[in-house]
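Numbering (the numbering used here), first residue to last: -9 to 113.
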């Protein structure tokens, strides 16, 4: 998964390596509004129009080449190591070597979360 902030998705057949990138056409919104001009709510109009519009009107489809690293392939992890700071496991070569230490990304560079003081949480 790569989030580039675009409304597109890439699909790959891992057996044949054939891949396609599907891009939502921005113009489809305008076409939806024209087709469903009797519906006042623009989101409902889009939804109804998208149900009947052809895929060629909704999407650009491009054949692409995707190179997937072995460690990014689905399936069992190729390797697991333990972070020497937080002691959580890191899989598939995502660890960072800092001198003599093996660290997970959050311990090395900072994470998207901040640890709070330890407390027991009941679920």
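Where a beta carbon is used, it is the ideal one built from N, C-alpha and C, also for glycine.
Since the model is a prediction, treat every value here as computed from it, not as a measurement.
Give me the residue from 17, 35, 31, 110 with the minimum Cα distance to residue 25.
35
What is the DSSP secondary structure of residue 25, reduced to helix, strand or coil?
helix
Helix, strand or coil for residue 115, going by three-state DSSP, please let me know.
Residue 115 is absent from the model: the chain starts at -9 and stops at 113.
What are the complete alpha helix (DSSP H) segments, minimum 4 residues, inside the region 32 to 92?
32 to 42, 45 to 48
Are the beta-carbon atoms of residue 76 and residue 92 separated by less than 8 Å?
No. Outside cutoff.
Give a yes or no on whether the minimum CB-CB distance between residue 57 and chain B is below 8 Å.
Chain labels in this structure do not include chain B; a single protein chain is all it has.
Give the C-beta separation of residue 94 and residue 88 to the nearest angstrom, bearing in mind that I take them to be a contact with Cβ-Cβ under 8 Å.
Not quite, the Cβ-Cβ distance comes to about 11 Å (not below 8 Å), so this is no contact.
Does the distance from the CB of residue 80 to the CB of residue 9 come in under 8 Å?
no
Rounded to the nearest angstrom, what separates residue 106 and residue 20 at their Cα positions?
47 Å
Can you tell me which residues form a DSSP beta bridge with residue 0?
11
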